[in-house]
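Below is one structure; the comments refer to it alone.
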Amino acid sequence: MTSSMRDVHAEPPAHGNLRLRSVGLSGIRKPLVVQRPERQVTLAVTFRVAVDLPSDRKGSDLSRNAEILAEIVDATVTRPVDSLESACSAIARELLVRHGYASDAFVEASAEYFLNKGISEEKQSFEDYTLLAEARAVRRPDGRVLLERAVGAEAVGMTACPCAMETCRAELVKEYPALAEETYTSLPMITHNQRNRTRLVFEFDDASEIEIDQVIATIEAAQSSPTYAILKRGDEGRVVLDAHRHPKFVEDVVRDLLASVPARFPTLPDSTLVRASTVSEESIHKYNVEATHRLTLGELRRSSGA
Numbered sequence: 121m122t123s124s125m126r127d128v129h130a131e132p133p134a135h136g137n138l139r140l141r142s143v144g145l146s147g148i149r150k151p152l153v154v155q156r157p158e159r160q161v162t163l164a165v166t167f168r169v170a171v172d173l174p175s176d177r178k179g180s181d182l183s184r185n186a187e188i189l190a191e192i193v194d195a196t197v198t199r200p201v202d203s204l205e206s207a208c209s210a211i212a213r214e215l216l217v218r219h220g221y222a223s224d225a226f227v228e229a230s231a232e233y234f235l236n237k238g239i240s241e242e243k244q245s246f247e248d249y250t251l252l253a254e255a256r257a258v259r260r261p262d263g264r265v266l267l268e269r270a271v272g273a274e275a276v277g278m279t280a281c282p283c284a285m286e287t288c289r290a291e292l293v294k295e296y297p298a299l300a301e302e303t304y305t306s307l308p309m310i311t312h313n314q315r316n317r318t319r320l321v322f323e324f325d326d327a328s329e330i331e332i333d334q335v336i337a338t339i340e341a342a343q344s345s346p347t348y349a350i351l352k353r354g355d356e357g358r359v360v361l362d363a364h365r366h367p368k369f370v371e372d373v374v375r376d377l378l379a380s381v382p383a384r385f386p387t388l389p390d391s392t393l394v395r396a397s398t399v400s401e402e403s404i405h406k407y408n409v410e411a412t413h414r415l416t417l418g419e420l421r422r423s424s425g426a
């Protein structure tokens with residue numbers, strides 16, 4: 121006589137009538153192979169996968185999440201995917217298949233990404249960035265599965281503080297009265313700098329696609345200056361001068377970033393949700409400064425007159 125193993129996960133919980141929005145796994149690292157138009161890229165990806173849990177179940181079948189990742193992501197070694205977000209979408213859909221009791225499935229992924237670039241053609245190296253992707257699969261009462269996707273990137277650059285710049289300018293004008301004030305206002309001025317981390321993410325409810333290199337270029341254009349791995353003395357001076365010619369608060373970075381999106385991504389539909397966030401790691405303060413905003417591309421186009 122054989123005995124069946126008790127399924128503790130399917131038993132009712134001690135506290136019923138409480139649905140949990142998200143139960144899953146995080147911090148799972150795997151290689152993912154992506155076939156881009158011009159080259160094949162292997163990404164080191166960190167995944168978070170989860171589903172909702174109904175009130176009548178004690179636990180979620182977590183091993184199924186790990187199995188799905190192994191099946192879908194590991195298979196890209198021989199069958200590359202089109203993008204990180206397409207892999208997330210496939211995982212989200214399969215989560216609902218394996219978890220028949222769930223109605224929401226969530227996937228988040230971040231990956232190291234490298235672009236060969238530099239301050240000049242002669243001084244290029246592989247600069248590092250972070251790719252971001254999300255997918256949510258929702259099972260409707262009629263059985264249909266709706267999919268929402270998000271894709272974006274994070275770039276590290278620098279900002280120069282406009283406030284300290286004006287304070288320094290005023291002090292130096294008083295200290296060196298022989299120099300005309302208009303001379304100071306026409307020159308970049310000393311100020312304190314920050315390492316700036318900025319993210320731009322697009323949420324889609326359709327089949328839209330974006331080029332991630334364009335997202336990175338859009339972010340870097342909104343910072344005071346990009347930063348680079350290889351800089352000789354003259355290059356360092358150029359980066360510092362460029363940053364001080366474009367001093368920015370974190371508020372400026374977010375606003376400039378969002379204002380540039382309609383022109384840089386003209387084919388995206390108005391329903392696209394745009395999320396921008398930036399953090400400046402302060403040099404003279406013991407804290408960081410951040411700013412965030414989110415709105416639809418249609419709202420952004422109307423606000424900018426695009």
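Numbered per the numbering used here, the sequence shown finishes at 426, counting up by one with no gaps.
Glycine is no exception: its CB is placed at the ideal position from the N, C-alpha and C atoms.
query: Does the Cβ-Cβ distance between Pro-382 and Leu-351 come in under 7 Å?; result: no
query: Rounded C-beta distance between Ala-257 and Leu-215? I'm assuming under 8 Å.; result: 7 Å
query: Checking 7 Å against the spacing of the C-beta atoms, do Ser-288 and Ala-253 come in under that value?; result: The question names Ser, but residue 288 in the sequence shown is Cys. Cβ distance not < 7 Å, so Cys-288 and Ala-253 don't count as in contact.
query: Which residue's Cα is closest to the Cα of Cys-283: His-312, Arg-259, Val-293?; result: His-312
query: Kindly list the residues whose CB is nearer than 6 Å to the CB of Ala-363, restricted to its own chain and excluding five residues on each side of it in sequence; keep chain order.; result: Met-278, Ala-280, Ser-344, Ser-345
query: Would you tell me roughly how many angstroms separate the C-alpha atoms of Thr-412 and Arg-126, rounded to the nearest one?; result: 48 Å
query: With a threshold of 7 Å on Cβ separation, who are the neighbours of Met-121 within its own chain once the five nearest residues in sequence on each side are excluded?; result: Unreliable positioning characterises Met-121 in this predicted model, as indicated by a pLDDT of 45, which lies under 50. The coordinate reading is nonetheless provided below. Contacts found: none.
query: Identify every residue that forms a DSSP beta bridge with Met-278.; result: Arg-315, Ser-345
query: Nearest-angstrom Cα distance between Asp-262 and Ser-223?; result: 11 Å
query: If you draw a straight line from the alpha carbon of His-366 to that of Pro-151, how long is it in whole angstroms?; result: 38 Å
query: Do the segment 384-403 and the segment 330-349 make contact, defined as three or more Cβ pairs closer than 8 Å?; result: yes
query: Have a look at the DSSP bridge pairing and note the partners of Tyr-221.; result: DSSP output for Tyr-221 lists no bridge partner at all.
query: Please check the pair Ser-180 and Val-171, which I expect to be a contact at CB under 8 Å, by giving their CB distance rounded to whole angstroms.; result: 6 Å
query: Tell me which residue opens and which closes the beta strand (DSSP E) that Gly-144 is part of.; result: 140-155
query: Report buried or exposed for Arg-259, applying the criterion of at least 16 other Cβ atoms within 10 angstroms of its Cβ.; result: buried
query: By a C-beta neighbour count over all protein chains shown, 10 Å radius and 16 as the cutoff for buried, is Ala-255 buried or exposed?; result: buried
query: CB Thr-398 to CB Val-374, shorter than 7 Å?; result: yes
query: Looking at the secondary structure, which residues open and close the beta strand (DSSP E) in which His-364 lies?; result: Premise fails: His-364 lies in the alpha helix (DSSP H), 353-365, not in any beta strand (DSSP E).
query: From Met-285 to Ser-183, what distance separates their C-alpha atoms?; result: 55 Å
query: Nearest-angstrom Cα distance between Gly-357 and Glu-410?; result: 27 Å
query: Between Glu-402 and Ala-231, what straight-line distance do the alpha-carbon atoms span, to the nearest angstrom?; result: 25 Å
query: Buried or exposed: Phe-234, going by 16 or more other Cβ atoms within 10 Å of its Cβ?; result: exposed
query: Straight-line CA distance for Ala-337 to Glu-242?; result: 20 Å
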